[in-house]
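Q:
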Ligand code: SAH
Ligand code: SF4
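In my numbering, the protein residues as written are 155 to 506.
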């Protein structure tokens with residue numbers, strides 16, 4: 155697909171259903187009517203960075219910082235395992251020190267052992283050096299999520315402080331390390347950001363395709379209180395426009411990359427009561443139910459109006475089962491639901 159075609163399809167006000175049908179058709183053919191769960195553990199909101207859009211950025215003094223203890227993390231993982239989720243995602247604000255690296259390695263090994271090596275582990279722990287990524291891979295993590303946020307370097311600079319800790323080239327290099335080490339690698343972007351237009355979004359889709367990633371998680375930008383980006387005085391897409399653009403981006407990406415995993419994000423659910431189902435109907439095949447202990451969820455507020463903040467994990471499981479049933483999809487209980495694209499990519503990587 156060419157950039158101009160993508161822009162045209164993103165801007166057409168009447169083609170949402172048509173795009174969803176196309177995306178769904180490709181997905182049903184390549185991945186079937188199956189959805190995989192990743193139990194999301196938001197293990198800490200302590201972060202060394204200051205991304206201008208994020209509610210848990212370092213300089214936000216208005217939130218209570220927390221760090222789950224080992225027992226709480228292991229119990230959350232165990233809940234996911236016992237409920238047939240197949241795999242978990244451990245996500246945190248970014249921290250880089252040897253204590254953090256070793257603690258994560260220890261936790262990964264413990265979770266693997268306790269779950270008889272049956273629970274898959276995805277990490278989303280930000281930018282680290284290649285050695286750290288390797289250590290966690292050896293400990294047993296096999297997938298990693300690191301969004302590029304936007305593929306346009308100029309826009310990236312408008313969304314981040316202009317310093318060495320927030321550097322587009324460095325973030326990109328992290329993705330290259332992850333892919334080379336052997337992780338199933340996921341990235342993604344935010345949709346409907348201030349300063350962003352459909353040309354940027356079209357470039358994002360082409361970037362994801364060229365980067366040849368295995369998984370994508372992309373969702374709407376949601377303003378967060380007490381963040382610099384919330385205060386900028388530029389026109390913003392309406393919530394409904396951001397919702398529609400996000401669904402269209404998923405459908406188009408599915409057409410461009412039939413065998414990857416695409417997440418239906420919770421941010422979408424925050425914009426529309428059936429946001430997650432719609433994303434699945436447009437081509438997504440992964441959902442990340444929150445398994446963080448309820449008491450902490452309100453403090454992991456990347457953005458306002460976070461969905462499912464008070465649902466106990468058991469309620470969430472039941473609710474999602476019904477929601478998937480309503481769109482004739484099955485849940486791949488007890489399956490890792492790996493990206494098929496990854497195996498293709500690795501076989502080519504080994505030949506060359
Ligand atoms: N610290 C890690 C992981 C946690 S943040 C990292 O940055 O990679 C996970 C994702 O939340 C980010 O990649 C970003 O895309 C998303 N996010 C942060 N603030 C957001 C906002 N205001 N609206 C929508 N998504 C947001
Ligand atoms: Fe920290 Fe991630 Fe938020 Fe940036 S997006 S401030 S790295 S938690």
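Cβ coordinates follow ideal geometry from the N, Cα and C atoms, glycine included.
Buried or exposed: which applies to residue 472, given that a residue is buried once 16 or more other Cβ atoms fall within 10 Å of its Cβ?
A: Flag for residue 472 reads exposed.
Q: If distances are taken between C-alpha atoms only, which option among 498, 282, 156 comes closest to residue 325?
A: Ranking 498, 282, 156 by Cα distance to residue 325 puts 282 first.
Q: Suppose contacts are defined by Cβ-Cβ distances below 9 Å. Is residue 400 in contact with residue 427 by that definition?
A: No, the pair does not count as a contact, with Cβ atoms beyond the cut-off.
Q: Per DSSP, residue 305 forms a beta bridge with which residues?
A: DSSP, once it has assigned bridges, lists no residue as partnering residue 305.
Q: Based on Cα-Cα distance, which residue from 493, 171, 162, 165 lies nearest to residue 336?
A: When each option's Cα is compared against that of residue 336, the closest is 493.
Q: Distance, Cα to Cα, residue 181 vs residue 405?
A: Rounded to the nearest angstrom, the two C-alpha atoms are 9 Å apart.
Q: Compute the Euclidean distance between the alpha carbons of residue 444 and residue 156, then round it to the nearest angstrom.
A: Roughly 37 Å between the two C-alpha positions.
Q: Nearest CA to the CA of residue 287: which residue from 256, 474, 232?
A: The option with the nearest alpha carbon to residue 287 is 256.
Q: Who are the Cβ neighbours of residue 208 in its own chain at under 6 Å, not counting the five residues just before and after it?
A: Closer than 6 Å at Cβ, skipping near neighbours: 456.
Q: Taking just the CA atoms, how far does residue 218 sit from residue 168?
A: So the two alpha carbons sit approximately 44 Å from each other.
Q: Indicate whether residue 439 and residue 239 have their beta-carbon atoms separated by less than 9 Å.
A: No.
Q: Under a three-way DSSP split, which group does residue 445 fall into?
A: Of the three classes helix, strand and coil, the one that applies to residue 445 here is coil, per DSSP.
Q: Quick check: residue 368 and residue 185, are their CB atoms within less than 9 Å of each other?
A: Not closer than 9 Å, so no.
Q: Are there 16 or more other CB atoms within 10 angstroms of the CB of residue 402, so buried, or fewer, so exposed?
A: Buried, since its Cβ has 16 or more Cβ neighbours within 10 Å.
Q: Taking residue 274 as the reference, which of 262, 284, 177, 305 has the closest Cα?
A: Closest by alpha carbon: 262.
Q: So residue 433 packs on residue 173, CB below 8 Å; how close in whole Å?
A: Not really, about 12 Å apart at Cβ, beyond 8 Å.
Q: Does the beta-carbon distance from residue 451 to residue 225 come in below 9 Å?
A: No, the Cβ-Cβ distance between residue 451 and residue 225 is not below 9 Å.
Q: What are the partner residues of residue 196, as DSSP defines its beta bridges?
A: Its beta-bridge partners are 245.
Q: Check whether the Cβ of residue 220 sits closer than 8 Å to any heavy atom of the ligand SAH, and report yes or no.
A: Residue 220 Cβ: outside cutoff for every heavy atom of the ligand SAH.
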